[in-house]
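To keep things clear, I will list the structure first and then write my remarks on it.
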């Protein structure tokens with residue numbers, strides 16, 4: 106094992122990078138595990154609805170997201186199918202991984218900024234801090250536009266071609 110010392114700055118840099126990547130991976134693993142094993146339910150308490158997590162692998166958070174996407178985005182005449190036995194589980198894993206990545210983005214960005222911070226000049230740090238909020242705002246607005254406008258109309262338009270030739274429409 107290599108001893109880390111002050112006279113080996115590259116090894117010290119790699120060790121810091123390893124620690125930061127490990128933190129990111131731990132957060133992502135925790136979020137993916139939560140999405141795969143816990144579901145969200147609303148509990149009425151004193152007239153208010155409280156969202157709580159509860160253990161349920163067959164109605165987990167990732168399954169709830171898939172159901173919500175199906176209800177919001179697919180036209181009424183389109184059905185979800187699985188063509189192989191493991192496809193439903195694979196879809197659940199993919200959604201959980203995406204939720205894990207998106208949920209850990211604040212940690213990823215924070216660790217990346219903390220790692221690069223010593224190498225940046227004051228003026229560069231100032232520019233980065235000024236453009237972070239507009240970048241995040243534009244990204245969120247683009248996602249919302251895509252979810253509520255672009256995807257529903259695109260899917261509806263494309264599935265109308267299948268109906269024109271009397272083909273059953275499924276989404277795999």
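In this note's numbering, the protein residues as written are 106 to 277.
Glycine included, C-beta positions come from ideal geometry on N, C-alpha and C.
Quick caveat: nothing in here was measured; it's all calculated off a predicted structure.
Using the C-alpha atoms, what's the distance from residue j back to residue i?
i: residue 235; j: residue 273; result: 51 Å
i: residue 153; j: residue 248; result: 30 Å
i: residue 173; j: residue 228; result: 44 Å
i: residue 161; j: residue 167; result: 11 Å
i: residue 237; j: residue 243; result: 10 Å
What residues in its chain sit with their C-beta under 6 Å from that of residue i, if we drop five residues either side in the sequence?
i: residue 155; result: 148
By alpha-carbon positions, which one of the options ends up nearest to residue i?
i: residue 178; options: 165, 133, 252; result: 252
i: residue 138; options: 150, 165, 157, 146; result: 165
i: residue 159; options: 255, 143, 233; result: 143
i: residue 122; options: 219, 231, 271; result: 219
i: residue 131; options: 120, 191, 205, 254; result: 205
i: residue 163; options: 194, 214, 188; result: 194
i: residue 200; options: 213, 157, 175; result: 175
i: residue 171; options: 221, 192, 157; result: 192
Since I believe residue j is in contact with residue i (beta carbons under 8 Å), could you give me their beta-carbon distance rounded to a whole number of angstroms?
i: residue 141; j: residue 197; result: 7 Å
Using a Cβ-Cβ cut-off of 8 Å (strictly less than) and excluding sequence neighbours within five positions of residue i, which residues of its own chain qualify?
i: residue 118; result: none
Could you give the first and the last residue of the continuous alpha helix (DSSP H) run that contains residue i?
i: residue 127; result: 114–142
i: residue 191; result: It is not in any alpha helix (DSSP H) - residue 191 carries neither H nor E in the DSSP assignment.
i: residue 264; result: 256–269
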